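One structure is given here, and the rest of the page talks about it.
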Amino acid sequence: MGETFFKSPFQGLSAMLSTSRCQRALMPDAHKPLTLVLKNDLGEIDSIWATLERVLEEYYLSRKDMFQINLAVEELFTNIVSYAFEDKGPHDIFVNIYVERRKFLVVELMDDGIPFNPADHQDPDMSKPLSQRDEGGLGIHFCKKMMAEFFYERNGKQNKVTFKKRIRKPGFFEKFFSCRRSHGN
């Protein structure tokens, strides 16, 4: 039986997760960011959780940090799928994950939807009772509060939301880079 090949190594997350070769390709490398290409379909959320949990464990993050990163990705992905595309046709959503300056885990979500800057989105008035607050905005509010940095860029027809989570667990970088030093790399 022949092997399955994709135009892109991350085309269709669900299909990708069904092959062990693709699963191995997801493991983080000290020199390369992880890139996921997802369809604008809320059915991808379960796959996102499974993939991120497996990958984030490789970064020696605490369970709390892993949960917050998963929650932020899910919230932003859901907003993109639900509101970004006027034509409701198929679109790719890109998720990049990488380490910056040995201090931050960086996550970028990119789409070709309508412009929307969640970083400028007004936070809900938390002093009001829930019944008196405007609907929406709480998820973005939590994303901004849980991350060290949260910002938005519009490049041509592409939205890019970036958030950074400070890596808090002691010894992360020593474990991550020690084998490179011991092997003379």
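For the sequence shown, this note's numbering begins at 11 and goes up steadily by one.
We treat Cβ as the ideally placed atom computed from N, Cα and C, and that holds for glycine.
All values derive from a computational prediction rather than experimental measurement.
So who's on the other strand from Tyr162, going by DSSP bridges? Val171
Buried or exposed: Asn127, going by 16 or more other Cβ atoms within 10 Å of its Cβ? Counting Cβ neighbours within 10 Å, Asn127 comes out exposed, since fewer than 16 surround it.
Inspect the beta-carbon positions of Leu119 and Leu66 and report whether they are closer than 7 Å. no
I'd like to check one pair, Ala129 with Phe160: are the Cβ atoms closer than 7 Å? yes
Tell me, please, which residues DSSP counts as bridged to Glu84. Answer is none; Glu84 lacks a bridge partner.
CB Arg164 to CB Pro100, shorter than 7 Å? no
Stretch pair the stretch 69-79 + the stretch 88-98: three plus CB contacts closer than 8 Å: Output reads no: the stretch 88-98 does not touch the stretch 69-79.
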